[in-house]
Amino acid sequence: MGSCICIIRFDLEQGQLIEECYPPGALTQSEELEVSFSSFPDSVSQNHNRSSIHDCIFFFRIKRHKAPDILNIESSEIVEVDNKISSQKPIGEAVQESNCQNNYDSRFLYGFVFNRQRHDERLKRGGEQKSVVILSHSPYTSVFRPLLQIMGPLYFDIGNKALNYIAAYVSKWPVPVPGQQVELPIGNASLKVNLPPSHSLPSDNGFFEDSASSLAPLLPSNLSIPQGLFHDSDLFGTFRGLLMQLWKLWELLLVGEPILIIAPTPPQCCEAVAGLVSLVAPLLFSVDFRPYFTIHDPEFAKLNSLQEGSSFRR
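Under the numbering used here, the first residue of the sequence shown is numbered 4, with each subsequent residue one higher.
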């Protein structure tokens with residue numbers, strides 16, 4: 004289910020720095036750079052008070068570069084590497100085991116971010132930023148968002164011990180079965196989540212897949228399970244005041260027209276993108292989408308070079 008876990012700090016002199024990455028070597032150098040830039044808000048919270056803390060959760064989607072060797076090595080090798088970090092069950096093994104089982108779309112990585120901005124006038128430039136990031140090939144927002152709500156604050160309370168603690172539970176989770184409701188224990192809590200059906204999950208060829216057919220089933224086998232990707236998004240809360248425009252947006256999505264969303268914060272932006280993607284269900288949605296897009300994205304130069312009246316086609 005997961006690929007790796009990263010701790011990224013914003014250094015005032017060097018910029019974004021990956022402090023920890025489990026398993027080591029899970030990302031190429033260019034991927035590390037892209038993940039680092041995508042894991043911090045381009046905007047700064049305007050609600051900071053003196054010595055205040057501002058947390059936010061959002062997610063992004065980036066193209067994979069050449070897959071690093073770490074993703075193809077034996078689990079025993081991962082154990083050997085990560086045992087140097089912790090005597091407990093290593094984080095690298097925990098996230099790698101489930102990743103080997105479900106690699107739905109190895110061309111893309113989904114990054115789920117818990118970002119903390121701490122304002123303190125005693126610090127240089129008046130504050131600091133750090134992000135806890137879960138990277139996965141699976142777009143399971145219904146799993147990783149509540150997991151980050153537990154994992155993020157815990158990390159800032161007890162440090163790297165939190166990662167080992169979370170990994171110990173995640174390593175015992177069952178292999179995810181698309182289209183099923185599952186209960187995932189995490190400490191004293193339990194995440195009860197619905198996984199999207201297989202036909203709504205991106206595959207390597209860019210289209211959404213079904214084990215039996217390239218078409219979505221006409222009658223879902225389990226009507227109690229929400230159909231489509233990002234079914235947990237707050238569509239009506241996000242687009243309140245614009246509900247009548249959803250018909251037009253839905254039509255644009257069906258014909259694959261490019262849509263650019265501009266929002267004040269990363270959480271609002273990625274929630275809007277997820278909401279629009281969810282609109283298409285139960286039909287298949289097979290176009291590229293980026294929940295959070297910064298000026299450091301390799302595609303930004305192309306977008307920025309467009310002339311008036313031209314169309315953004317990938």
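From the three backbone atoms N, C-alpha and C, an ideal C-beta is built for every residue, glycine too.
The C-alpha of S308 is placed about 49 Å away from the C-alpha of G190.
Taking C-alpha positions only, L157 is separated from D123 by approximately 21 Å.
One Cα belongs to P142, the other to F233, and the distance between them is close to 8 Å. Boundaries of the beta strand (DSSP E) harbouring S139: 130 to 139, taken from the DSSP string. DSSP places N118 inside the beta strand (DSSP E), whose first and last residues are 111 to 122.
Where L255 is concerned, the enclosing alpha helix (DSSP H) starts and stops at 249 to 257. Here DSSP, grouped into helix, strand and coil, assigns H57 to strand. DSSP places P149 in the helix class (H, G or I) of the three-state scheme. If you look at L36, you'll find it in the alpha helix (DSSP H) that goes 32 to 41.
Beta-bridge partners of G18 (DSSP): D14. Here the alpha carbons of G129 and P200 stand approximately 46 Å from one another.
Burial check for R243: the Cβ neighbour count within 10 Å stays below 16, so the residue is exposed. Rounded to whole angstroms, the separation of the alpha carbons of S139 and E131 is 26 Å. In this structure, A275 is the residue among G259, L36, L252, A275 with its C-alpha nearest to the C-alpha of S236.
When DSSP states are grouped into helix, strand and coil, L286 belongs to the coil group.
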